[in-house]
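**Student:** When the letters of the sequence shown are read in order and numbered with our numbering, they come out as residues -3 to 401. We put the beta carbon where it would ideally sit given N, CA and C, even for glycine.
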Amino acid sequence: MSIALLLFCFYKLRYLGPNPLTTDNLVTLSESPSAVHELALYKTLEPGELNQRIAAVRELLGDSLLILGHHYQQDEVIEHSDLRGDSYKLSQMAAESKACKTIVFCGVHFMAETADILANHPDKVQQRDGRRVSVLLPDLAAGCSMADMAAIAQVEAAWADMSEVIDTEQVIPVTYVNSAASLKAFCGRHGGIVCTSSNAKAVIEWAFERGQRVFFFPDQHLGRNTALELEIEESEMPVWDPYALDLGGNTEEAIHASRVILWKGHCSVHQMFRPEHVESLRTQHPGIKILVHPECPRSVNDLADVSGSTGKIIDTVQNSPAGTKWAIGTELHLVNRLKAEHPEQEIHFLSPVVCMCATMYRIDLPHLCWTLENLRDGSVVNEINVDAETGKWSLIALERMLAVH
Ligand code: SF4
């Protein structure tokens, strides 16, 4: 290899990380030509036939199969799910099943990884007499734009860079559950922890009991909105840009003055809600309340009447009296489902443009039917397998989270 090529490879790994996982290159990586051909045939089938065939496999496999449907999933897929919920709760619930042999996760890649880690926890495997559970993702291209914004090589490079100006023994890494297993394992190895959108505040408090600073990734908005609740000033939260050459684009002084170092990542869905959407709905519908997810930017979160996790959004609507008017800033499929389930309330989508999780939307009836019929025929497709070392350290970070109250 020439010196120039070696230097290029070093630069690419050090500063750029792996190629962003676009849906197209994931399809190329994940699906063999025969799978692409089979899927093309499934795509020609009518929804009615696909529904019947999916139902037939579910009946045949019974309790040995668990289909998990994330709240942001489209209705036609959700209808076939045994359990519906957010990513972490789904994985926890699935891990409790004694009869389950296969989990089909209708969500995105990091969710299937978490399900694999929890369902194949050593204690659970022992309870099943050594039997592991297979976790399948019907379309391997169902990634998460936010999770893909923090590659492990980039996070490790950032950690090494910051260790040149601050004592990283005093930095507690916190990763949002919406991240690759490799990042959860990084947190496990470095005294860090995982958080969800419902426990982020308690987790950051836990971190400050153990260190002087928090390194929060991959979602800057959840990190910022939560730290603000803890009365940390925005000036104490530098944003680390993995594509900047020096200290993530920050001065040494800013890193020294930091309390929470935020990774420059975001959710492509929640990032699209704007303060002008809030103002417009308040003008058009006097008395309307704004309910948003904390993955929204601060400029929207600060204007909301209620901000909270997917679970909190659902509970808030469920517990509100008839006639309440809501504008909700989260994924479109969930808002439309809440609208259908609560006709006694007036529910609006916060944005005038469609904000849906396009990668999750890749899981459709043809992919689900293809996955299930292969399983029925003894062929396991699209299995997500977290390697033992990554699984072990990820579990440590997840278990630290479970111990936080
Ligand atoms: S909604 Fe955002 S954070 Fe959730 S899976 Fe989709 S891209 Fe990722």
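Go through its chain and collect everything with a Cβ distance to Met145's Cβ below 6 Å, but skip five positions before and after it.
**Tutor:** Once the five neighbours on either side are set aside, the close Cβ partners of Met145 are Pro214, Gly261.
**Student:** Jot down the residue ranges of each uninterrupted alpha helix (DSSP H) in the stretch 147 to 187, minimum 4 residues, whole runs only, in chain order.
**Tutor:** As far as the stretch 147 to 187 is concerned, its whole alpha helix (DSSP H) runs of at least 4 residues are 148 to 158, 177 to 185.
**Student:** Expressed to the nearest angstrom, what Euclidean distance is found between the alpha-carbon atoms of Gly44 and Gly319?
**Tutor:** C-alpha separation (whole angstroms): 36 Å.
**Student:** Can you grab the Cα-Cα spacing for the pair Asp157 / Leu243, in whole Å?
**Tutor:** Cα-Cα distance, rounded: 6 Å.
**Student:** Ligand 1 and Met233: does the residue's C-beta get closer than 8 Å to at least one heavy atom of that ligand?
**Tutor:** False, no ligand heavy atom lies under 8 Å from that Cβ.
**Student:** Check whether the stretch 365 to 378 and the stretch 148 to 157 are in contact - that is, three or more C-beta pairs closer than 8 Å.
**Tutor:** Segments in contact, no.
**Student:** Taking 7 Å as the limit, name every residue whose beta carbon sits nearer than that to some heavy atom of ligand 2, in sequence order.
**Tutor:** Ligand 2 is not among the ligands present in this structure, which contains only ligand 1.
**Student:** Check whether the Cβ atoms of Arg396 and Ile189 lie closer than 9 Å to each other.
**Tutor:** Cβ atoms of Arg396 and Ile189: closer than 9 Å.
**Student:** With DSSP as the reference, label Glu342 as helix, strand or coil.
**Tutor:** Three-state DSSP puts Glu342 in a strand.
**Student:** In this structure, does DSSP put Arg124 in helix, strand or coil?
**Tutor:** In this structure, Arg124 counts as coil in the three-state DSSP scheme.
**Student:** Hey, would you say His117 sits closer than 9 Å to Ala91, going by beta carbons?
**Tutor:** Contact: yes.
**Student:** For my contact list, Val256 and Arg209 are in at a C-beta cut-off of 8 Å; report their separation, rounded to the angstrom.
**Tutor:** Indeed they touch by this definition, with Cβ atoms about 7 Å apart.
**Student:** Would you please state the rounded distance, in angstroms, between the beta carbons of Cys96 and Leu364? I believe it to be under 8 Å.
**Tutor:** 17 Å between Cβ atoms; not a contact.
**Student:** Can you tell which of Ile148, Lys94, Met107, Gln150 has the C-alpha that lies nearest to the C-alpha of Asp125?
**Tutor:** Of Ile148, Lys94, Met107, Gln150, the residue nearest in Cα terms is Lys94.
**Student:** On the three-pair Cβ rule with 8 Å, is the stretch 178 to 195 touching the stretch 120 to 135?
**Tutor:** Segments in contact, no.
**Student:** Taking 9 Å as the threshold (C-beta atoms), are Val104 and Ala143 in contact?
**Tutor:** Contact: yes.
**Student:** What do you get for Tyr172, buried or exposed, if any count of 16 or more other CB atoms within 10 angstroms of its CB means buried?
**Tutor:** Buried, because 16 or more other Cβ atoms sit within 10 Å of the Cβ of Tyr172.
**Student:** Where do the N-terminal and C-terminal ends of the alpha helix (DSSP H) with Phe204 fall, by residue?
**Tutor:** 196 to 204 is the span of the alpha helix (DSSP H), which, as asked, contains Phe204.
**Student:** Please report the straight-line C-alpha distance between Ala52 and Leu330, rounded to a whole angstrom.
**Tutor:** Cα to Cα, Ala52 sits roughly 27 Å from Leu330.
**Student:** Please classify Leu56 as buried or exposed, where buried requires at least 16 neighbouring CB atoms within 10 angstroms.
**Tutor:** Classification for Leu56: exposed.
**Student:** Quick one: is Asn315 buried, meaning 16 or more other Cβ sit within 10 Å of its Cβ, or exposed?
**Tutor:** Result: exposed.
**Student:** Please return the same chain residues whose Cβ sits closer than 7 Å to the Cβ of Val296, not counting the five positions on each side in sequence.
**Tutor:** Counting only Cβ-Cβ distances below 7 Å, and skipping sequence neighbours, we find Phe269, Arg270, Pro271, Val274, Val288, Gly325.
**Student:** DSSP three-state call for Gly65: helix, strand or coil?
**Tutor:** Gly65: strand per DSSP, three-state reduction.
**Student:** Given a cut-off of 9 Å on the beta-carbon distance, is the pair Asn246 and Trp236 in contact?
**Tutor:** Result yes, Cβ atoms of Asn246 and Trp236 sit closer than 9 Å.
**Student:** Can you tell which of Ser347, Phe204, Gly139, Thr306 has the C-alpha that lies nearest to the C-alpha of Gln166?
**Tutor:** Nearest C-alpha to Gln166: Phe204.
**Student:** Could you give the DSSP three-state label for Cys96: helix, strand or coil?
**Tutor:** Coil.
**Student:** Quick check on the DSSP output: what are the complete alpha helix (DSSP H) runs of length 4 or more inside the stretch 351 to 380, in order along the chain?
**Tutor:** Runs of the alpha helix (DSSP H) inside the stretch 351 to 380: 361 to 372.
**Student:** When the distance is taken between beta carbons, is Ile343 closer than 9 Å to Val313?
**Tutor:** A contact, by the Cβ cut-off of 9 Å.
**Student:** With distances taken from CA atoms, which of Trp366, Ile251, Gln48, Arg128 is nearest Val161?
**Tutor:** When each option's Cα is compared against that of Val161, the closest is Ile251.
**Student:** How far does the alpha helix (DSSP H) with Leu56 in it reach, from first residue to last?
**Tutor:** Run containing Leu56: 43 to 57, per the alpha helix (DSSP H) assignment.
**Student:** Does the distance from the CB of Glu27 to the CB of Leu136 come in under 9 Å?
**Tutor:** Contact flag set, yes.
**Student:** Give the DSSP-derived three-state secondary structure of Lys260 in the structure shown.
**Tutor:** Lys260: coil per DSSP, three-state reduction.
**Student:** Leaving out five residues before and five after His266 in sequence, what residues of the same chain have Cβ atoms less than 6 Å from its Cβ?
**Tutor:** Excluding residues within five positions, the ones whose Cβ falls inside 6 Å are His289, Glu291, Cys292.
**Student:** Could you give the residue range of the alpha helix (DSSP H) that holds Leu328?
**Tutor:** From DSSP, the alpha helix (DSSP H) with Leu328 extends over 328 to 337.
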